[in-house]
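Enquirer: Structure below; questions to follow.
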Amino acid sequence: MCPSLAAHILDFKEVLNRRNRLKFPTTTVADLKQYIINLQAKQHAERRQPGFKRLDLFLKRFEDFGELIKSLPGAMEFMGFVWVTACHPDAFSNLLDVYAQVGRSQPSLAMYKELFVIEPELTHILSVAYNDIVIVNKWLVIYFQQRLWPELFSTTWKRQKSRITRVMIRMTSRLDLVNSRANLAQFDFHLHETALQDEQLLATIESENLGRKQAVHAWLKPTDMEKEQDYLERTRSDYPHTCRWLLNDRTFKEWFDPQQTTTTLPKLLWMNGKPGSGKTVLASLVVQEARKLKPASTVLFFYFMQEDTDRHTFFSMARTFLMQILEQNPDTLDYFYSKCCGSGILLSSRALIEDLLKLALANCDSTYIVLDGLDQCVSRKERGEVVRWFRDVTEDLPPHMRHRFHCLFISQNDSARKDYRDLASITVDADKNEDDIEEFSKIQSKRLVAKLGISEKEASEIAVSVSASAEGMFLFAHLVWINLCGQSSIHALEEEMKSFPTDLDRLDKIYAQRMQAIMNKPVRAQREEALMLLGRLVCAKRSLKLHEVQTMISIDLDRRVVDFDRRHLRVHLVELCESLVDVREDGTIEWVHMTAKSAYLDVVAEELRLATLCINYLCLPSFRVPSSEESVLAGEYGLMEYAMIYWLRHLEAGLVSSISGYDDLRSDLAEALEILVEQHWNNPTADIRSISNHTRDMLETFRGCQSYLRIQTAVVLTDKELKHFGDTRPEQSALDFAGIVAAVRRSLEAVVQNNADPVTANNLELKYGIHLFRCPRFSCKHFTEGFSTPDERESHIERHQRPARCTDEHCRGSRIGFETQAQLERHLKEYHPDTTDRCHNFPTEEEINESLRETLPESEPEAEHEPEGLYDNGMAQLLAEADPAVDPAREEAAPLSTRPKDTSKRRKMKQSYECAHCGKEFNKKFNWQSHLASHGGDQRHICPNCGKACARSGDLARHMKLHNPDNAVTCGGILSNGQQWGCGRSFARVDILRSHHKSKQGRRCIAARDTGEQAGP
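The numbering of the sequence shown is UniProt numbering, which starts it at 1 and goes up by one.
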């Protein structure tokens, strides 16, 4: 048998499921004929005649061919694979047409014999031609092995048939060479030409699939879980012998075993444990092991996180699962794409997303689902809905099919345990984790030996002590070892071991130790920077990127610039924050564990500070003047995306509490908001008469502002813009941010594309991160995430602009699309009337609009925060020990304090800055300077005498007095003894002369005058 043909057959075997792999090689011609007779009789009784006569020539040709080659090694197995593919005639005439065309193209038995006897070299041509038959059979088997192919047929077969037809045409052209007795040279030439055509065809198909996949990705808007999985796998790879106990657990093995198909119980398992016991790392192990199974199973996983809006709801999980299914089962692409074309810009209908997920799961042969951190869902209700949905899907399956569906729930053992009632469970406790923590501690103890030079025995004793104290809490052991390995001497190590926390509150105490380490930093700037960063990370509305944090730190409000090169941190964030946070490879900053987001910080105060910071940043001069290459390279825009999207969310979170005590912070925020609406007002024409009571109450604190109505309009319209997934017209935006973003990104992309210098590329990555070609739509996740090339970004934007697509791949409407669903429906009626007559179960435009109204309700007021100080009592005591000047009782009595008091500093007097043009007063110099720009921007007033530029006309008038000899005052004069004193310099005002006399030169002038007066005449 030809090696290439054998390779194709092996490849064909790989796509077969277990049942067909055993059945196909034993299928004979007689079996196939009998099956067709039985099927024909059944359909005749049902008054259906699909036309099996079309198979006659196919059966005869391949029966002859089978008889001819049955003596060849492996030939009968090959024929079995060819025959049995025809055992899927349920697609009626479409499938029969394929095999009828195959039969018509085959040579007769007489020609076969002539080729084998007279021209054996032409059998090579036959082998190549039969490669195409195997390929066609492979595609058909993949398609019809899908469990729900009847549901998918109407929307996916047309493209599949087109793909098969192209291969059939190629096969026919090759067999025509056999019929015409072509020589080998002619065949080689033909083979070369068709190889080039095949490459072009493959590139076209891949391009089409990529475009469809990108469209589906934009429609689903999934959350990327692979980065989290990769991070967890790398973490576990440093300790390869840990976590293996789970794979040997009897309960887990019964749940995980894919061979156990006799049970009729649902394959549902609940793994629970205390916070920090290592459940998420165990979840990553389950995912990794499930991916190793052969034959391959579909593996779906999701790591919930309460503070991340893309990771705490059923919607975000379901969208992610649909994308994961598409990645592992590419044959679902056409079905998802058809739904995408018939739906809105974003999959937002609860009913539609549930139906899609149920169908996609039912279409999988075997599925493993891992849901980690269910206690991190946005609410208790949401958690219950997620668990109930998967329980219902699994328990409603027929008993003989339940073995296909394996679902693992992972959460804390808390009050929600009733959701997992009657499920098999595994508790991650001290007994389970003991060996793993010991192994982990042994590896860490070796680092102590290498760093401090202690003996192996001492290191082993420390490892045993840490393991015993952990009591099954991996996170506790991890933090303890960070602390121990951070000691700089053996004495410090010994002292640290004496203060080892061993009681029930040991995790809280280990966090307190980390905070104590921050407070004990010898450099004041590092202490302040660490506390500031922790506060911002606690309140961040999504995981911040490293370049965003660096830009925050680099903002200089006094100079009104982002001084990145001079102010950005040169130390690692993990070191600065004492390992409470971790920086991932893509620059994302995550907490070492969600419990590390302690309640030590005054969240309301931090929210108000972050809102003010974002607004002040957007009022910098770099956002008023046209962006330039210099400002881009300086890093002025590294926080632009975050500030534009989340300034409002921080404002809402900071104003949710009506508790007094934040007057200064609210005053600063009000002042910043007034500058924001002055500088970036867009004169919107949108009507905002319908304002919710929640919004009115929230903005009540700004009612005394001169720009209150503008502030109210900006808040309402910006909120709508962030929630709206369609196009927003410029006149509907209260602020001019859309134009600013477009201009800045043009400059940034020009720098990226015009500079091949690796130094510049590294500089841009440091200041702006990776994937710099970003979507302009605020509500899109790619507004921040971006793409690596402009082509990817433009393809993505097309889906926003013309989201409705024709499902016919040969139609221009499939590539270009339509702006509205109504335009698509008119197109389908005019150009594809046959498809509109069928029932595709697409949601109507009314249903989509209704679902959007259901899933995008008006924001409910958040639960009010309790008034807290910056630190709780325990932390206040801790700070008091670090700084005797701090009185914990006084701190508790004065919740307005946002930092431990430093009595060594002189209290600053409040200053007021008045606008010379309109008389408006400001508490912050930065806001005053920003306001002045509204009276003339960057206009300069030039002195006609010396050419000096003044910002305001008043400044110029005052400067002109220097050139007027009548108004000038002079340093100097004539003493009583007739001598002259002073330097003779002229000044415009007396106060400037006084300032001169305080200078070094001026003091000489005064000294000469005093000496002369004492000397007398």
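Glycine included, C-beta positions come from ideal geometry on N, C-alpha and C.
Who are the near neighbours of V449 in its chain, counting only those whose CB is closer than 7 Å to its CB and skipping five residues on each side?
Expert: Counting from one through the sequence shown, the residue named residue 449 turns up at place 449. Hits under 7 Å: E456 and A459.
Enquirer: From which residue to which residue does the alpha helix (DSSP H) around K267 run?
Expert: Locating residue 267 in the sequence shown gives position 267, where the first residue counts as 1. Segment K267 to G273 is the beta strand (DSSP E) holding K267; no alpha helix (DSSP H) there.
Enquirer: Taking a contact to mean a Cβ-Cβ separation below 9 Å, would you say V393 touches L361 in this structure?
Expert: If you number the sequence shown from 1, residue 393 lands on position 393. If you number the sequence shown from 1, residue 361 lands on position 361. Result yes, Cβ atoms of V393 and L361 sit closer than 9 Å.
Enquirer: Less than 8 Å between the CB atoms is what I'm expecting for I410 and L374, so what's the real figure, rounded?
Expert: By one-based count along the sequence shown, residue 410 stands at place 410. By one-based count along the sequence shown, residue 374 stands at place 374. Going by Cβ atoms, the distance from I410 to L374 rounds to 7 Å, so yes, they are a contact pair.
Enquirer: Just reading off the alpha helix (DSSP H) that W389 is part of, what are its end residues?
Expert: Taking the sequence shown and counting its residues from 1, the one referred to as residue 389 is at position 389. Note, W389: alpha helix (DSSP H), R380 to E395.
Enquirer: What is the C-beta distance between V136 and I164, in whole angstroms, given that I count them as a contact (C-beta under 8 Å)?
Expert: Walking along the sequence shown from the start, residue 136 turns up at place 136. Walking along the sequence shown from the start, residue 164 turns up at place 164. About 6 Å separates the two Cβ atoms, so the contact holds.
Enquirer: Take R234 as the anchor and find which of V281, L722, A215 and A195 has the nearest alpha-carbon.
Expert: Within the sequence shown, residue 234 is the residue found at index 234, counting from 1. Checking every option, the nearest Cα to that of R234 belongs to V281.
Enquirer: Pick out whichever of E921, L546 and P684 has its Cα sitting closest to the Cα of residue 1025.
Expert: Any property of residue 1025 remains undetermined from this structure, which presents the chain solely from 1 to 1017.
Enquirer: Identify the continuous alpha helix (DSSP H) that holds D586 and give its terminal residues.
Expert: Here residue 586 corresponds to residue number 586 of the sequence shown, with the count starting at 1. No alpha helix (DSSP H) contains D586, which DSSP labels as neither H nor E.
Enquirer: For V286, which residues from the same chain have a beta carbon less than 7 Å from its beta carbon, with the 5 sequence-adjacent residues on both sides left out?
Expert: Position 286 of the sequence shown, counted from the first residue, corresponds to residue 286. Excluding sequence neighbours, V286 sits near V370 and L408.
Enquirer: Residue range of the beta strand (DSSP E) that S425 falls in?
Expert: Position 425 of the sequence shown, counted from the start, is the residue given in the question as residue 425. Looking at the DSSP string, the run of the beta strand (DSSP E) that includes S425 is A424 to V428.
Enquirer: Return helix, strand or coil for H771, following the three-state DSSP convention.
Expert: For the purposes of this step, residue 771 is taken as residue 771 along the sequence shown, with counting starting at 1. Three-state result, H771: coil.
Enquirer: Is it buried or exposed for D198, if we count other Cβ within 10 angstroms and need 16 for buried?
Expert: Walking along the sequence shown from the start, residue 198 turns up at place 198. Label assigned to D198: exposed.
Enquirer: Quick test of the definition: if touching needs 3 or more C-beta pairs under 8 Å, does the region 626 to 640 touch the region 743 to 753?
Expert: Touching, per the Cβ criterion.
Enquirer: Would the beta-carbon of N483 fall within 9 Å of that of E494?
Expert: Taking the first residue of the sequence shown as 1, we reach residue 483 at position 483. Taking the first residue of the sequence shown as 1, we reach residue 494 at position 494. The answer is no: Cβ separation not under 9 Å.
Enquirer: Keeping to the same chain, check which residues put their C-beta closer than 7 Å to that of M225; ignore five residues upstream and five downstream.
Expert: Counting from one through the sequence shown, the residue named residue 225 turns up at place 225. Excluding positions up to five away in sequence, the list reads F301, F302, Y303 and T320.
Enquirer: Is the beta carbon of R560 less than 9 Å from the beta carbon of L613?
Expert: The residue you call residue 560 lines up with position 560 of the sequence shown. The residue you call residue 613 lines up with position 613 of the sequence shown. No, they are not a contact pair.
Enquirer: Buried or exposed: where does A290 fall if 16 or more other Cβ atoms within 10 Å of its Cβ makes it buried?
Expert: For the purposes of this step, residue 290 is identified with residue 290 of the sequence shown, where counting begins at 1. By the 10 Å Cβ count, A290 comes out buried.
Enquirer: Taking just the CA atoms, how far does R404 sit from P398?
Expert: Here residue 398 refers to the residue found at position 398 of the sequence shown. Here residue 404 refers to the residue found at position 404 of the sequence shown. Going from the Cα of P398 to the Cα of R404 covers about 11 Å.
Enquirer: Would you give the residue range spanned by the alpha helix (DSSP H) that V370 belongs to?
Expert: On the sequence shown, residue 370 is found 370 positions in, with the first residue counted as 1. Element bounds for V370: not the alpha helix (DSSP H) but the beta strand (DSSP E), T367 to D372.
Enquirer: For Y303, write down the residues that DSSP places opposite it in a beta bridge.
Expert: Counting from one through the sequence shown, the residue named residue 303 turns up at place 303. The partner list for Y303 (beta bridge, DSSP) reads D372.
Enquirer: Please classify T332 as buried or exposed, where buried requires at least 16 other C-beta atoms within 10 Å of its C-beta.
Expert: Translated into positions along the sequence shown, residue 332 becomes position 332. It counts as buried.
Enquirer: Cβ of M271 less than 9 Å from any chain D Cβ?
Expert: Looking at the structure shown, chain D is missing, and only one protein chain is on hand.
Enquirer: Do D429 and G472 have their beta-carbon atoms positioned less than 9 Å apart in this structure?
Expert: As a working note, residue 472 is residue 472 in the sequence shown. As a working note, residue 429 is residue 429 in the sequence shown. Result yes, Cβ atoms of G472 and D429 sit closer than 9 Å.
Enquirer: What did DSSP end up calling T760 once you bin it into helix, strand or coil?
Expert: By one-based count along the sequence shown, residue 760 stands at place 760. Reduced to three states, the DSSP call for T760 is helix.
Enquirer: Between H568 and the rest of its own chain, which residues show a CB-CB distance below 7 Å, the 5 nearest in sequence each way excluded?
Expert: Within the sequence shown, the letter at position 568 stands for residue 568. Hits under 7 Å: Q550, I553 and S554.
Enquirer: DSSP state of D556, grouped into three classes?
Expert: Along the sequence shown, one-based indexing puts residue 556 at 556. Here D556 sits in strand by DSSP.
Enquirer: In the DSSP output, what is Y913 paired with across the bridge?
Expert: For this step, residue 913 is matched to residue 913 along the sequence shown. Y913 is bridged to F922.
Enquirer: Could you pull out every residue in the same chain whose Cβ sits closer than 6 Å to the Cβ of A517, ignoring the five residues on either side in sequence?
Expert: Reading the sequence shown from its first residue, position 517 is the one you call residue 517. Excluding sequence neighbours, A517 sits near E578.
Enquirer: Tell me whether R250 is buried or exposed, calling it buried when 16 or more other Cβ atoms sit within 10 Å of its Cβ.
Expert: Taking the sequence shown and counting its residues from 1, the one referred to as residue 250 is at position 250. Exposed, by the Cβ-count rule.
Enquirer: Applying the 10 Å Cβ sphere with the 16-neighbour rule, what's the burial state of H491?
Expert: The residue labelled residue 491 in the question sits at position 491 within the sequence shown. Exposed, because fewer than 16 other Cβ atoms sit within 10 Å of the Cβ of H491.
Enquirer: In angstroms, rounded to a whole number, what distance separates the CA positions of D736 and V677?
Expert: Counting from 1 along the sequence shown, the entry for residue 736 is found at position 736. Counting from 1 along the sequence shown, the entry for residue 677 is found at position 677. Using only the alpha carbons, I get a separation of about 10 Å.
Enquirer: Taking 9 Å as the cut-off, decide whether the C-beta atoms of L423 and L268 are in contact.
Expert: Sequence index remark: in the sequence shown, residue 423 carries index 423 (1-based). Sequence index remark: in the sequence shown, residue 268 carries index 268 (1-based). Yes.
Enquirer: Leaving aside the five residues before and after Y617 along the sequence, list all residues of the same chain whose C-beta is less than 7 Å from its C-beta, in chain order.
Expert: By 1-based counting over the sequence shown, the position of residue 617 is 617. Cβ neighbours of Y617 beyond the five flanking positions: I555, L639 and A643.
Enquirer: If we count the other Cβ atoms within 10 Å of its Cβ and call it buried at 16 or more, is Q980 buried or exposed?
Expert: Walking along the sequence shown from the start, residue 980 turns up at place 980. The residue in question, Q980, is exposed, as its Cβ has fewer than 16 Cβ neighbours within 10 Å.
Enquirer: If you follow the alpha helix (DSSP H) that H192 is part of, which residue opens it and which one closes it?
Expert: Taking the first residue of the sequence shown as 1, we reach residue 192 at position 192. Segment L184 to L220, the alpha helix (DSSP H) holding H192.
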